[in-house]
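So the protein lines, in turn, are chains A and B.
As numbered in numbering that gives the first Met the number 0, the first sequence has no gaps in its residue numbers, which increase by one up to the final residue, 208.
As numbered in numbering that gives the first Met the number 0, the second sequence has no gaps in its residue numbers, which increase by one up to the final residue, 208.
The beta-carbon is built from N, C-alpha and C at its ideal position, and this holds for glycine as well.
Okay, structure first, notes after.
There are 2 protein chains.
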Amino acid sequence: MNIQSEPSTKDRILDTAERLFSLSGYHSTSLRAITGEAGVNLAAVNYHFGSKESLLEAVIDRRLTPLNKARLEMLATVDRKARAEGRPPAVRDIMSAFIEPTLSFRESTDGARHFIALLGRAIVEPDDTVKKRFLNQMNPIIELMLEMLARAMPSLPAQALIKRFHFTIGSLFFTMHACCDDSMPERMRLKEPLTEELVNFVTAGMEGR
Amino acid sequence: MNIQSEPSTKDRILDTAERLFSLSGYHSTSLRAITGEAGVNLAAVNYHFGSKESLLEAVIDRRLTPLNKARLEMLATVDRKARAEGRPPAVRDIMSAFIEPTLSFRESTDGARHFIALLGRAIVEPDDTVKKRFLNQMNPIIELMLEMLARAMPSLPAQALIKRFHFTIGSLFFTMHACCDDSMPERMRLKEPLTEELVNFVTAGMEGR
DNA sequence: GTCTATACAGAGATAGAC
DNA sequence: GTCTATCTCTGTATAGAC
Chain A
0 MNIQSEPSTK
10 DRILDTAERL
20 FSLSGYHSTS
30 LRAITGEAGV
40 NLAAVNYHFG
50 SKESLLEAVI
60 DRRLTPLNKA
70 RLEMLATVDR
80 KARAEGRPPA
90 VRDIMSAFIE
100 PTLSFRESTD
110 GARHFIALLG
120 RAIVEPDDTV
130 KKRFLNQMNP
140 IIELMLEMLA
150 RAMPSLPAQA
160 LIKRFHFTIG
170 SLFFTMHACC
180 DDSMPERMRL
190 KEPLTEELVN
200 FVTAGMEGR
Chain B
0 MNIQSEPSTK
10 DRILDTAERL
20 FSLSGYHSTS
30 LRAITGEAGV
40 NLAAVNYHFG
50 SKESLLEAVI
60 DRRLTPLNKA
70 RLEMLATVDR
80 KARAEGRPPA
90 VRDIMSAFIE
100 PTLSFRESTD
110 GARHFIALLG
120 RAIVEPDDTV
130 KKRFLNQMNP
140 IIELMLEMLA
150 RAMPSLPAQA
160 LIKRFHFTIG
170 SLFFTMHACC
180 DDSMPERMRL
190 KEPLTEELVN
200 FVTAGMEGR
């Protein structure tokens with residue numbers, strides 16, 4: 000545990016891997032590129048993490064654990080307030096509790112920005128091990144949001160709710176990935192701030208017509 | 000050009016690559032797996048396509064060209080009809096012209112289903128060559144839709160329109176990818192039909208509140 | 001405990017015989 | 001068109017230096 004000295008070998012690997020995974024993708028980033036740029040030996044990855052896949056898991060867990068904690072706390076606050084006022088939670092507040100922590104976390108540091116772009120891709124990764132790791136962390140939030148949304152819109156059939164929530168996830172994760180993506184055509188480049196527009200969009204879609 | 004005999008070496012490679020790229024992802028699928036399953040020699044890929052990347056482009060182009068033609072025709076019909084009636088095109092009709100051909104094409108054959116799942120991932124691929132190939136084909140449609148949407152909602156600022164269209168693309172592409180994805184948790188599994196719910200969702204989001 | 005050097009199997013790409 | 005041989009680069013594993 001270094002307090003004010005150089006980052007440890009392990010942290011240098013994590014930081015570099017996060018950046019390169021985000022920029023070039025998991026499979027296209029070689030361990031030699033990571034260790035070369037981090038200035039550590041190739042075998043240090045195997046020593047500290049065991050494999051390239053375990054390294055990716057470590058990259059994900061390091062940021063996703065506190066981020067999901069923030070999301071759950073915000074959802075709990077929305078729920079508590081609604082119960083105290085004897086009303087169902089508002090769709091907009093549920094959406095905000097998911098979106099606002101994500102996008103404001105993204106603005107916090109350069110590393111976080113890379114990580115959020117990486118996460119936006121993780122949900123469509125074909126690699127089962129990686130995706131399951133990611134989905135396991137997301138499951139408690141998904142369950143809580145679905146339960147709260149069902150209370151917010153009691154007359155909406157369960158299947159319709161699932162579909163609309165699914166579309167919502169698509170909007171958010173694509174935004175997480177693509178908002179800092181330079182390869183999109185100029186006209187499609189997004190400008191900040193995004194939170195309010197995204198909350199508006201998915202709230203309108205959720206509540207239907 | 001074989002009419003009623005066995006598929007050619009080239010077509011066998013295309014069909015097998017389409018299925019394996021969709022199931023396991025581009026980078027995780029080896030040329031040995033493709034050529035082995037297709038029953039052709041490894042070097043046949045290099046001979047017919049030049050490289051693994053060019054093979055992916057061929058897989059994309061074969062299906063995306065006719066699909067985009069159908070989308071453009073449907074958009075043109077919506078536009079023509081609106082002009083004939085002297086009114087701006089309806090947001091819902093524009094959304095349908097993009098979504099309906101995509102999802103009904105997906106239902107047409109097993110190969111198409113695999114292809115649509117692959118496309119749903121292509122838009123977040125980190126590989127620049129692949130993504131640019133894909134975006135080049137999509138650009139005329141994106142431009143036409145943005146132009147029609149601007150006429151449909153003349154009071155909406157351009158930046159807000161871009162953002163909402165972006166969120167729409169996220170919903171559709173995630174649906175294309177994930178609707179046949181078995182690794183999602185049981186509660187999030189989607190059931191057909193999707194077209195109407197998706198059109199409702201993105202129309203409501205587009206039109207705002 | 002940390003880290004380095006190095007060996008190994010599998011990948012995509014390519015040249016050239018047939 | 002097809003196939004073999006071979007090149008480089010990848011992820012992984014291990015033996016041993018400090």
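Distance, Cα to Cα, SER107 of chain B vs ILE59 of chain A?
-> Start at 1 with the first residue of the second sequence, and residue 107 of chain B comes out as number 108. Start at 1 with the first residue of the first sequence, and residue 59 of chain A comes out as number 60. About 38 Å.
So what does DSSP say about GLU5 of chain A, is it helix, strand or coil?
-> As a working note, residue 5 of chain A is residue 6 in the first sequence. In the three-state DSSP reduction, GLU5 of chain A falls in the coil class, being neither helix nor strand.
May I ask you to report which of helix, strand or coil DSSP gives ASN40 of chain A?
-> What you label residue 40 of chain A is simply residue 41 of the first sequence in a count that begins at 1. Coil.
Within 10 angstroms of the Cβ of ASN40 of chain B, are there 16 or more other Cβ atoms? Answer buried if so, exposed if not.
-> In the second sequence, the residue the question calls residue 40 of chain B occupies position 41. It counts as exposed.
Going by other Cβ atoms of all chains shown within 10 Å of its Cβ, with 16 needed for buried, is TYR25 of chain A buried or exposed?
-> Numbered from 1 along the first sequence, position 26 holds the residue referred to as residue 25 of chain A. That one is buried.
Excluding sequence positions up to five away, which residues of its chain have a Cβ less than 6 Å from the Cβ of MET205 of chain A?
-> Translated into the one-based positions of the first sequence, residue 205 of chain A becomes position 206. Excluding positions up to five away in sequence, the list reads VAL90 and ARG163.
Looking at the structure shown, is GLU196 of chain B part of a helix, part of a strand, or coil, going by DSSP?
-> The count along the second sequence starts at 1 and reaches residue 196 of chain B at position 197. When secondary structure is reduced to three states using DSSP, GLU196 of chain B falls in the helix class.
Mind listing the chain A neighbours of PRO184 of chain B? Cutoff is C-beta to C-beta under 8 Å, in chain order.
-> Taking the second sequence and counting its residues from 1, one reaches residue 184 of chain B at position 185. Residues of chain A passing the Cβ test: LEU134, ASN138 and ILE141.
Counting along the chain, where does the alpha helix (DSSP H) carrying PRO65 of chain B start and finish?
-> Here the question's residue 65 of chain B lines up with position 66 in the second sequence. Counting along the chain, the alpha helix (DSSP H) containing PRO65 of chain B begins and ends at 51-83.
Express the C-alpha separation of LEU145 of chain B and LEU155 of chain B in angstroms, rounding to a whole number.
-> As a working mapping, residue 155 of chain B is identified with position 156 in the second sequence. As a working mapping, residue 145 of chain B is identified with position 146 in the second sequence. Roughly 12 Å separates the two Cα atoms.
Could you tell me which chain A residues have their CB closer than 7 Å to the CB of ARG120 of chain B, listed as they occur along the chain?
-> Residue mapping note: residue 120 of chain B aligns to position 121 of the second sequence, counting from 1. Those within 7 Å of ARG120 of chain B in chain A are VAL123.
Which stretch, first to last residue, makes up the alpha helix (DSSP H) that contains SER103 of chain B?
-> On the second sequence, residue 103 of chain B is found 104 positions in, with the first residue counted as 1. 90-105 is the span of the alpha helix (DSSP H), which, as asked, contains SER103 of chain B.
Would you kindly work out how many angstroms separate the C-alpha atoms of ARG186 of chain A and GLU196 of chain A, rounded to a whole number?
-> On the first sequence, position 187 is the one that residue 186 of chain A refers to. On the first sequence, position 197 is the one that residue 196 of chain A refers to. If I take the Cα positions, the gap works out to 17 Å.
VAL201 of chain A in three-state terms, based on DSSP = As a first step, residue 201 of chain A is located in the first sequence; it is residue number 202 there, counting from the start. If DSSP states are grouped into helix, strand and coil, VAL201 of chain A belongs with the helices.
When the Cα atoms are used, what is the spatial distance from LYS166 of chain A to LEU193 of chain A?
-> Here residue 166 of chain A refers to the residue found at position 167 when the first sequence is read from its first residue. Here residue 193 of chain A refers to the residue found at position 194 when the first sequence is read from its first residue. Just to set this straight, residue 166 of chain A is Phe in the shown sequence, not Lys. Linking PHE166 of chain A to LEU193 of chain A through their CA atoms gives a straight-line distance of about 17 Å.
Taking all protein chains shown into account, do 16 or more other C-beta atoms lie within 10 angstroms of the C-beta of ALA203 of chain B, making it buried, or fewer, making it exposed?
-> Numbered from 1 along the second sequence, position 204 holds the residue referred to as residue 203 of chain B. Around the CB of ALA203 of chain B, 16 or more other CB atoms lie within 10 Å, so the residue is classed as buried.
Supposed close pair LEU118 of chain B, ARG61 of chain B - CB separation, criterion 8 Å = Position 119 of the second sequence, counting from 1, holds the residue named residue 118 of chain B. Position 62 of the second sequence, counting from 1, holds the residue named residue 61 of chain B. About 12 Å; that fails the 8 Å criterion.
How do the segment 92-111 of chain B and the segment 66-83 of chain B stand: do at least 3 beta-carbon pairs fall below 8 Å, yes or no?
-> The segment 92-111 of chain B is in contact with the segment 66-83 of chain B.
Alpha helix (DSSP H) segment containing PHE48 of chain A, residue limits | Mapped onto the first sequence, residue 48 of chain A falls at position 49. Counting along the chain, no alpha helix (DSSP H) covers PHE48 of chain A, and no H or E run does either.
State whether the segment 123-132 of chain B contacts the segment 44-58 of chain B, with contact taken as three or more CB pairs (one from each stretch) at a distance under 8 Å.
-> Contact between the segment 123-132 of chain B and the segment 44-58 of chain B is present, because at least three Cβ pairs lie under 8 Å.
In whole angstroms, what separates the C-alpha of GLN136 of chain A from that of SER21 of chain B?
-> In the first sequence, residue 136 of chain A corresponds to position 137, counting from 1. In the second sequence, residue 21 of chain B corresponds to position 22, counting from 1. C-alpha separation (whole angstroms): 25 Å.
Local Cβ density within 10 Å of GLU17 of chain A, reported as buried at 16 or more and exposed below that | Within the first sequence, residue 17 of chain A is the residue found at index 18, counting from 1. Classification for GLU17 of chain A: buried.
With 9 Å set as the bound, which would you pick, yes or no: does the beta-carbon of ASP109 of chain A sit closer than that to a beta-carbon of chain B?
-> Your numbering for residue 109 of chain A matches position 110 in the first sequence. It does not; no Cβ of chain B falls within 9 Å.
Could you confirm whether any beta carbon from chain A is found closer than 9 Å to the beta carbon of HIS47 of chain B?
-> Taking the first residue of the second sequence as 1, we reach residue 47 of chain B at position 48. No, HIS47 of chain B lies away from the interface with chain A (no Cβ there is under 9 Å from its Cβ).
Neighbourhood of GLU36 of chain B by C-beta, 6 Å cutoff - its chain only, sequence neighbours within 5 removed | As a position in the second sequence, residue 36 of chain B is number 37, starting the count at 1. Setting aside the 5 residues that flank it on each side, GLU36 of chain B is surrounded in the same chain by THR15, each with a C-beta closer than 6 Å to its C-beta; the list follows chain order.
So, are the CB atoms of ALA96 of chain B and ARG70 of chain B less than 9 Å apart?
-> Looking up residue 96 of chain B in the second sequence gives position 97. Looking up residue 70 of chain B in the second sequence gives position 71. Yes. Within cutoff.
Selected residue, minimal CA-CA separation from ILE140 of chain B, among B:PHE173, B:GLU124, B:MET94 and B:ALA151 | Reading the second sequence from its first residue, position 141 is the one you call residue 140 of chain B. With distances taken between Cα atoms, ILE140 of chain B lies closest to B:MET94.
Select from B:LYS9, B:GLN158 and B:PRO87 the residue whose C-alpha is nearest the C-alpha of ALA42 of chain B.
-> By 1-based counting over the second sequence, the position of residue 42 of chain B is 43. The candidate whose alpha carbon is nearest that of ALA42 of chain B is B:LYS9.
Taking the alpha-carbon positions, what's the GLU142 of chain B to LEU148 of chain B distance?
-> Here residue 142 of chain B refers to the residue found at position 143 when the second sequence is read from its first residue. Here residue 148 of chain B refers to the residue found at position 149 when the second sequence is read from its first residue. Taking the straight line joining both Cα atoms gives about 10 Å.
Three-state secondary structure (DSSP) of MET0 of chain A | Here residue 0 of chain A corresponds to residue number 1 of the first sequence, with the count starting at 1. In this predicted model, MET0 of chain A has a pLDDT of only 44, less than 50, meaning its place in the structure is not dependable enough to derive any value.
Does the beta carbon of ASN1 of chain A come closer than 9 Å to any beta carbon on chain B?
-> Working through the first sequence from its first residue, we reach residue 1 of chain A at position 2. At ASN1 of chain A the pLDDT is 42, less than 50, meaning the model places this residue with poor confidence; the figure from the coordinates comes in the next sentence. Answer no: the Cβ-Cβ gap between ASN1 of chain A and chain B never drops below 9 Å.
Same chain only: Cβ atoms within 6 Å of PHE133 of chain A, ignoring 5 sequence neighbours per side | Counted from its first residue, the first sequence places residue 133 of chain A at position 134. Same-chain partners within the cutoff: ALA121.
Determine the chain A residues that contact ASP126 of chain B at a beta-carbon separation under 9 Å, and present them in chain order.
-> The residue given as residue 126 of chain B occupies position 127 in the second sequence. In chain order: SER23, GLY24 and SER27.
Are PHE114 of chain A and GLY169 of chain B closer than 9 Å when you measure CB to CB?
-> Reading the first sequence from its first residue, position 115 is the one you call residue 114 of chain A. Reading the second sequence from its first residue, position 170 is the one you call residue 169 of chain B. For PHE114 of chain A and GLY169 of chain B, no; Cβs fall outside 9 Å.
Using the C-alpha atoms, what's the distance from PHE48 of chain A back to ALA177 of chain B?
-> Reading the second sequence from its first residue, position 178 is the one you call residue 177 of chain B. Reading the first sequence from its first residue, position 49 is the one you call residue 48 of chain A. Their backbone Cα atoms lie some 30 Å apart in a straight line.
Give a yes or no on whether 9 Å exceeds the smallest Cβ distance from GLU17 of chain A to chain B.
-> Locating residue 17 of chain A in the first sequence gives position 18, where the first residue counts as 1. Not one beta carbon of chain B lies nearer than 9 Å to the beta carbon of GLU17 of chain A.
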